[in-house]
Structures are given as C-alpha cells and as structure tokens.
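Taking this note's numbering, I'd label the letters of the sequence shown as residues 82 to 350.
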Amino acid sequence: MLSQLFGNETVVGIDIGSNTIKAMQLEPSGTGWKVTNAAIQQTPPESCRDGAITMILDVGQTIKSLLKSSGIRCTKAVAAISGSQVIVRQVQMPRMSETALRKSIQYEASRYISTSMENNVVEFEILGDVPDSDQMNVMLVAAPKDIVESRVQAIEAAGLEPIAIDVEAFSIIRALVEASADEELQSKTIAIIDMGASHTDVNIVANGSFALTRSIPIAGDSFTNSIRTLTGFSFEDAERMKFEMTAQDSIDKLSASDGESKSWRVVQP
Numbered sequence: 082m083l084s085q086l087f088g089n090e091t092v093v094g095i096d097i098g099s100n101t102i103k104a105m106q107l108e109p110s111g112t113g114w115k116v117t118n119a120a121i122q123q124t125p126p127e128s129c130r131d132g133a134i135t136m137i138l139d140v141g142q143t144i145k146s147l148l149k150s151s152g153i154r155c156t157k158a159v160a161a162i163s164g165s166q167v168i169v170r171q172v173q174m175p176r177m178s179e180t181a182l183r184k185s186i187q188y189e190a191s192r193y194i195s196t197s198m199e200n201n202v203v204e205f206e207i208l209g210d211v212p213d214s215d216q217m218n219v220m221l222v223a224a225p226k227d228i229v230e231s232r233v234q235a236i237e238a239a240g241l242e243p244i245a246i247d248v249e250a251f252s253i254i255r256a257l258v259e260a261s262a263d264e265e266l267q268s269k270t271i272a273i274i275d276m277g278a279s280h281t282d283v284n285i286v287a288n289g290s291f292a293l294t295r296s297i298p299i300a301g302d303s304f305t306n307s308i309r310t311l312t313g314f315s316f317e318d319a320e321r322m323k324f325e326m327t328a329q330d331s332i333d334k335l336s337a338s339d340g341e342s343k344s345w346r347v348v349q350p
C-alpha cells in the first residue's frame, strides 16, 4: 500500500497536533519500509484552532527546526487530518464511472456537511460493486478547506513538498493493521483509540478493513484541565502530574492530601 502511494522515495510524515509536532522519516527497505528517524517538538502556543493551523509561518519554522535538529533530510512530506469536522462515510451510490461520480459527489457529500460545500474539500474512492445490485460502495471524505490548506501551507513554509494529505484514521489503520505481521487482525473487529490533546478518535476495523471513525471532543487536555480545576495547579504542573500517573498510583494516592487526592480521582474509571 505504501509503495503504491510513494513509490521508492524517502518521505517524512508530519503530524501537526495542537500540543506537539511529530516527524518520522521512512525509507524503502526490501519489500517494505523502515523508520530511519523520528523526532518531536512542542507546537507553538495558540497556533492551531479547531483543527486548522492559524500561525502558518511559526508552525513551518518549527517543522524546519525539528527536521534540522534531528538530522531528517527529506524534501517530500505527507500529513494527515482528523477531528469532528472531517467527515468519513461509506455510502452506496448507483454504479457509474469515476468521471461521472466526480461530477455528482458534491451532492452526495452535501447530505453530511452542514456548512457550505464551497468551503470544503471532497474526495472519494470507489470500493467495489454491491453484489446483486446496481449500486456500488464509495468511501466519501470531506474536510474544511482551511484545515487541509493550512497543513499544505505549513509544510511548504518548512521548505518541503507536500505530496499527500491523508485522513488520520486511514494512516493509523494502514500502519497498525495492514502492515502488521499479525494475521489474526485480518479476521477480527478491533477498535483503535487515538487520544490527542484536543480530541480522541475512535477507529473501528472489521476483518482488516476500515469500518468507521468518530471523533470525541474529550482528550488529554480535558484531563489536565480537570486536574487544574480540582487542585488549582498550573497547567504545566497538572500536565506533569497526569503523565506521572499509573494505575497503581491512582489507588495509592487516594489516601494522600485533599488536593492531590482529588487530582487522582479525575482519571479513575
């Protein structure tokens, strides 16, 4: 699958989150790919809002600095988008050619998008015919233009050539399921939970294929802010406490001082 996307070129994947920016360099290796470098750096404060990058040059400079300091030397980059505004649906439509579908896909997408179609990027993939029917299965993807275009602009500002903007759910499934040596994953229904700072994506895979993805606006920052509210700690101290917690700690700390005890209760089931 990756070879179909990138051929034999060395690429760097850029994950631009509201809290951190991560980079990973991949190189062709035999019949597969290998990770040759990876790095992480804090995202500039207040540079992302509702999935879109609002401070293009700052983020671009951070990416450039991250690549330089980690020794990642690559000119082509890929990135991904996620969040509640990214719509992913498998739909059935009358069987038609790809050319005809491209002309009509905007109407189908408008059923799932509450904002103006002019403000969204819409793409699709024909998955195959529905048996004993004149219908076909289509994977429909739509996302606000500012989310897509701001990532492209930030990557370009870093001096890189963006060659693909993927959906994060597809990227995760491709890496953890399709590229896995565990053949049992191809016959099971599994959930992949991707918790970031601002939102959590729940991705369902059935028999090795994407089934659905949904985004929940509860994530890492939700826990940190709850700790802050209960304890009066600064965001930085609450964040540090969150990362230091373990399951056993959450039991042991319940008998600690009031302020600390409350902070541990925040993350109990």
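Ideal Cβ placement from N, Cα and C applies to all residues, glycine included.
Pick out whichever of S146, R170 and S195 has its Cα sitting closest to the Cα of Q123.
When each option's Cα is compared against that of Q123, the closest is S146.
Taking Cβ positions, are P125 and T143 nearer each other than 8 Å?
Yes, the pair counts as a contact, with Cβ atoms nearer than the cut-off.
Around the C-beta of I332, are 16 or more other C-beta atoms found within 10 angstroms, so that it is buried, or is it exposed?
Confidence is the limiting factor: at I332 the pLDDT is only 48, short of 50, which leaves the residue's position unreliable and the question unanswerable from this model.
By DSSP's criteria, F291 is part of a beta bridge. Which residues make up the other side?
For F291, which the question treats as bridged, DSSP gives the partners V286.
Got a sec? Which residues, its chain only, sit under 8 Å from A300 by beta carbon, not counting five neighbours each side?
Cβ within range, chain order: M276, G277, A278, S279, H280 and T281.
Give the DSSP-derived three-state secondary structure of L107 in the structure shown.
The answer is strand: DSSP assigns L107 an E or B state.
Use the C-beta contact count for L138: other C-beta atoms within 10 angstroms, 16 or more gives buried, fewer gives exposed.
So L138 counts as exposed.
Decide if S296 is buried, meaning its Cβ has at least 16 other Cβ atoms within 10 Å, or exposed.
Flag for S296 reads buried.
Taking only the alpha-carbon atoms, compute the straight-line gap between G98 and D131 and give it to the nearest angstrom.
Spanning the two alpha carbons is a distance of roughly 11 Å.
So is P175 buried or exposed if we call it buried at 16+ other beta carbons inside 10 Å?
P175 is exposed by the Cβ-count criterion.
Of the residues G164, N118, T101 and G141, which one's Cα is nearest the Cα of P298?
The option with the nearest alpha carbon to P298 is G164.
Counting beta carbon pairs with one atom in the stretch 167 to 187 and one in the stretch 206 to 216, are three or more of them shorter than 8 Å?
The stretch 206 to 216 is in contact with the stretch 167 to 187.
Between the beta-carbon of A120 and the beta-carbon of E242, is there less than 8 Å?
Contact flag unset, no.
So what does DSSP say about V93, is it helix, strand or coil?
The answer is strand: DSSP assigns V93 an E or B state.
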